[in-house]
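Visitor: For the sequence shown, numbering that gives the first Met the number 0 begins at 0 and goes up steadily by one.
C-beta: ideal position from N, C-alpha, C; glycine also.
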Amino acid sequence: MKNDEALRYHEQGRKGKIEVIATKPCRTQNDLSLAYTPGVAQPCREIEKDPDAAFRYTAKGNLVAVISNGTAVLGLGDIGPLAGKPVMEGKGVLFKRFADIDVFDLEIESKNPQEIVNIVKAIEPTFGGINLEDIKAPECFFIEEELKKQMSIPVFHDDQHGTAIISGAALLNAAQIQDKKLSEMKVVFSGAGAAAISCANHYIRLGIEPSNLLMVDSKGVVFKGRTEGMNKYKEPFAIETSKRTLADAFEGADLFAGLSMGGLVSPDMVKSMADRPIILAMANPDPEIGYDEAKAVRNDLIMATGRSDYPNQVNNVLGFPFIFRGALDVRASCINEEMKIAATHALASLVKQGNIPQQVLDGYQISSLSFGPDYIIPKPLDPRVLVEESIAVAKAAIDTGVARIQIDFNAYRDHLQKLSEELGK
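1) So, helix, strand or coil for residue 264, using DSSP?
2) In the structure shown, what three-state DSSP assignment does residue 191 receive?
3) Closer than 7 Å by C-beta to residue 345: which residues in its own chain qualify, once you throw out the five before and the five after it? Chain order, please.
4) Could you tell me which residues DSSP puts in a beta bridge with residue 303?
5) Quick one: complete beta strand (DSSP E) runs, 3+ long, within the region 43-112?
6) At which residues does the beta strand (DSSP E) containing residue 154 begin and terminate?
7) Judging by CA-CA distance, which residue of 406, 211, 420 is the nearest neighbour of residue 239?
8) Can you list the beta strand (DSSP E) stretches of 3 or more residues lying completely in the region 350-379, in chain order?
9) DSSP on residue 28, reduced to helix/strand/coil?
10) Just to confirm, are residue 271 and residue 255 a CB contact at a threshold of 8 Å?
11) Would you list the one or two residues that DSSP bridges to residue 220?
12) What beta strand (DSSP E) runs, 3 residues minimum, are completely inside the region 128-179?
13) What first and last residue would you give for the beta strand (DSSP E) that runs through residue 21?
14) From residue 374 to residue 195, what does the alpha carbon distance come to, in whole angstroms?
15) Out of 385, 395, 396, point me to the one whose CA is closest to residue 422's CA.
16) Give the single residue among 97, 79, 127, 37 whose Cα lies nearest to the Cα of residue 425.
17) What residues match up with residue 238 in a beta bridge as DSSP calls it?
18) With a threshold of 8 Å on Cβ separation, who are the neighbours of residue 110 within its own chain once the five nearest residues in sequence on each side are excluded?
19) Apart from the five residues on each side of it in sequence, which residues of its chain come closer than 6 Å, Cβ to Cβ, to residue 330?
20) So what does residue 254 bridge to, in DSSP terms?
21) On a CA-only basis, which of 17, 291, 19 is nearest residue 308? Give me that one, please.
22) By alpha-carbon positions, which one of 54, 347, 258, 295 ends up nearest to residue 317?
23) Residues in the same chain with beta-carbon distance under 8 Å from residue 294, minus the five sequence neighbours each way, listed in chain order, please.
24) Confirm, please, whether the CB-CB distance from residue 132 to residue 157 is below 8 Å.
25) Thinking residue 129 and residue 153 are a contact (beta carbons under 8 Å), I'd like their distance in whole angstroms, please.
26) Cβ atoms of residue 191 and residue 231: under 8 Å apart, would you say?
27) Might you give, ordered along the chain, the residues of its own chain that have their beta carbon closer than 7 Å to the beta carbon of residue 372, omitting 5 neighbours on each side?
28) Based on DSSP bridge pairs, tell me the residues matched to residue 312.
29) CA-CA distance, residue 136 and residue 167?
30) Am I right that residue 174 and residue 277 are in contact with their C-beta atoms under 8 Å? What's the rounded C-beta distance?
31) Go to residue 434, then tell me how far its alpha helix (DSSP H) extends in each direction, as first and last residue.
32) What would DSSP say about residue 202, mapped onto helix, strand or coil?
33) Buried or exposed, going by whether 16 or more other CB atoms sit within 10 Å of the CB of residue 81?
34) Out of 314, 369, 53, 376, state which residue places its alpha-carbon closest to the alpha-carbon of residue 169.
35) What is the residue span of the alpha helix (DSSP H) that residue 2 lies within?
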C-alpha cells in the first residue's frame, strides 16, 4: 500500500470514512411531524417518566462513543486529537462493519485526566457505551477507573483490554500445543504501558503465576526496590530478581509478550528461551523481532504478531466490536473481568471447532486451515466470531449480575447468525 493510495481513499467522494444516515422516512408532511415537532414530544414524555424507554425510542442502545485525546495514536505517538481523528473514524467503520454498532467519534482537546473524565461523564445520556482510544499511560488508567466508577454504561479502553483479550486466547492455545501449564510458565514482558500492564493482569487471571512474570521497560527489569521510572501501576509487577536487562529476562523464558517497539529482541535472546517457547511480538507496525528472524533460530516456537502478513495476527478487531455487541444487547452496566475472560475463552475455543467458512479461506487465499502452531486465534474475517464472542460476553454479563435485561439465547444466536450473514454480504 502506498501513501498516496491511503490519502486518496480518505479524500475521494464524501470526505473521511463515516456518515449519519436516517433510519426512518422523512419525505412527507406526516413523516416530518413524526420525526420532529409535534410527534417527537411523545417519546420525550415517555423517557422522562422512564429513562429505560430511551432504549425503545432512541438510538442510544446501539450507539458507542469512540473517544480520544490523541496522546498515543497507533505508532504515531502524541499527535493530538485532530490528527488522530482518521483513526477514530476508522474505529467507527470497524464497529459498523463487524458488529453493526453505530459510532460517534469524539476528539477531546485536553491532556487533563480529570477534565476528560468530566467531559465523558457529562455525555453519558447520549450513548450506550464508551470506547476509550489512544490515550497515553498512565493517564488512561485513571480515566478508565474513574469513568467505570461514575458511569452506568460500559466503559472500555481498547488499547489496554482488547490486546489482552485476544492475545490471551493465543496464549491459551499456544500453551496447549506446546504442552505447557500456565502456572509453571516463565514469562517476560517488553513494555510497561497500558497494553502491557493490562495483558499481564489478564494473563495472571488466566493462570500465569505472578512470581514467574518479569516486566521490562525502557529502564530495564521492573524489580523490587527500583525507584527510577516507577509508578503505582508498575509496582505490583516488581519482584525479587537479579535480572536487570531484557536479555537477562529472556533466559529460560517460556513466553515472551512484546508490547513495546520493533527491533528490541535479538535472535540470541530467542535462542536463550526454554524449549518449545511462545513469542507474542505485538509491537506495531514492526514486531520486537521479525517472524522470519525468530523462526530461523527456533523451529520449536509458536509465534504471533500484530501483522496480517504472518500467521496468528493479534488484531483488536477480534475483540471490541463483539464485546460491545454482547454488552449492549443485554444492556450491561459495565464490561467486567468475567466478560473479558469469557471473550478470551470464546476466541480460543472457536479455533478448535473446525468447519472453517469458505469465505475465510477465500479471503486469505488459502485452501485449508486447522488448529495448530500457525492457527491459534481466529482470523479477523471469520463471521463466527460475532456469534460466539458476543454470546459469551452477554452470558457472562447476565451471570455476574451486570445485565439489565434477560434474553433468550437460542433466539439471540439466530439473530446474530442472520446479522453475520448480512454484514458479510
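Guide: The relevant details are as follows:
1) On the sequence shown, position 265 is the one that residue 264 refers to. Coil at residue 264, not helix or strand.
2) On the sequence shown, position 192 is the one that residue 191 refers to. The answer is coil: DSSP assigns residue 191 none of H, G, I, E or B.
3) Along the sequence shown, read from residue 1 onward, the residue named residue 345 stands at position 346. Only 387, 388, 391 meet the Cβ criterion.
4) Residue 303 sits at position 304 when you count from the first residue of the sequence shown. In DSSP, residue 303 forms a bridge with 279.
5) Listed in chain order, the complete beta strand (DSSP E) runs (minimum 3 residues) inside the region 43-112 are 62-67, 101-106.
6) Numbered from 1 along the sequence shown, position 155 holds the residue referred to as residue 154. Looking at the DSSP string, the run of the beta strand (DSSP E) that includes residue 154 is 154-156.
7) The count along the sequence shown starts at 1 and reaches residue 239 at position 240. Taking only the C-alpha atoms, the option nearest residue 239 is 211.
8) none
9) Against the sequence shown, residue 28 aligns to sequence position 29. When DSSP states are grouped into helix, strand and coil, residue 28 belongs to the helix group.
10) On the sequence shown, residue 271 is found 272 positions in, with the first residue counted as 1. On the sequence shown, residue 255 is found 256 positions in, with the first residue counted as 1. Not closer than 8 Å, so no.
11) Along the sequence shown, read from residue 1 onward, the residue named residue 220 stands at position 221. DSSP, once it has assigned bridges, lists 215 as partnering residue 220.
12) 128-131, 154-156
13) Mapped onto the sequence shown, residue 21 falls at position 22. Per DSSP, residue 21 belongs to no beta strand (DSSP E) and is neither H nor E.
14) Counting from one through the sequence shown, the residue named residue 374 turns up at place 375. Counting from one through the sequence shown, the residue named residue 195 turns up at place 196. Cα to Cα, residue 374 sits roughly 23 Å from residue 195.
15) Here residue 422 refers to the residue found at position 423 when the sequence shown is read from its first residue. Nearest option by C-alpha distance: 385.
16) Lying outside 0 to 424, the shown extent of the chain, residue 425 is not represented and no answer is given.
17) For this step, residue 238 is matched to residue 239 along the sequence shown. Its beta-bridge partners are 222.
18) Indexing the sequence shown from 1 puts residue 110 at position 111. Only 68, 70, 138 meet the Cβ criterion.
19) For the purposes of this step, residue 330 is taken as residue 331 along the sequence shown, with counting starting at 1. Closer than 6 Å at the Cβ level, and outside the excluded window around residue 330, lie 403, 404.
20) As a working note, residue 254 is residue 255 in the sequence shown. DSSP lists 186, 277 as partners of residue 254.
21) Residue 308 sits at position 309 when you count from the first residue of the sequence shown. Looking at the Cα atoms, 291 is the closest of the given residues.
22) Within the sequence shown, residue 317 is the residue found at index 318, counting from 1. Closest by alpha carbon: 347.
23) By one-based count along the sequence shown, residue 294 stands at place 295. Same-chain partners within the cutoff: 300, 302.
24) The sequence position of residue 157 within the sequence shown is 158, counting from 1. The sequence position of residue 132 within the sequence shown is 133, counting from 1. Cβ atoms of residue 157 and residue 132: closer than 8 Å.
25) By one-based count along the sequence shown, residue 129 stands at place 130. By one-based count along the sequence shown, residue 153 stands at place 154. Between residue 153 and residue 129 the Cβ distance is about 7 Å, and since that is below 8 Å, they are a contact.
26) As a working note, residue 231 is residue 232 in the sequence shown. As a working note, residue 191 is residue 192 in the sequence shown. No, these two residues do not count as a Cβ contact at 8 Å.
27) Your numbering for residue 372 matches position 373 in the sequence shown. Closer than 7 Å at Cβ, skipping near neighbours: 176, 301.
28) Counting from one through the sequence shown, the residue named residue 312 turns up at place 313. Note: residue 312 sits in a beta bridge opposite 304.
29) What you label residue 136 is simply residue 137 of the sequence shown in a count that begins at 1. What you label residue 167 is simply residue 168 of the sequence shown in a count that begins at 1. So the alpha carbons of these two residues sit roughly 21 Å apart.
30) Translated into positions along the sequence shown, residue 174 becomes position 175. Translated into positions along the sequence shown, residue 277 becomes position 278. A Cβ-Cβ separation of about 7 Å places residue 174 in contact with residue 277 under the 8 Å criterion.
31) Residue 434 is absent from the structure shown; the chain starts at 0 and stops at 424.
32) For this step, residue 202 is matched to residue 203 along the sequence shown. It is helical.
33) Residue mapping note: residue 81 aligns to position 82 of the sequence shown, counting from 1. So residue 81 counts as exposed.
34) Numbered from 1 along the sequence shown, position 170 holds the residue referred to as residue 169. Nearest C-alpha to residue 169: 376.
35) Numbered from 1 along the sequence shown, position 3 holds the residue referred to as residue 2. First-last of the alpha helix (DSSP H) with residue 2: 2-10.
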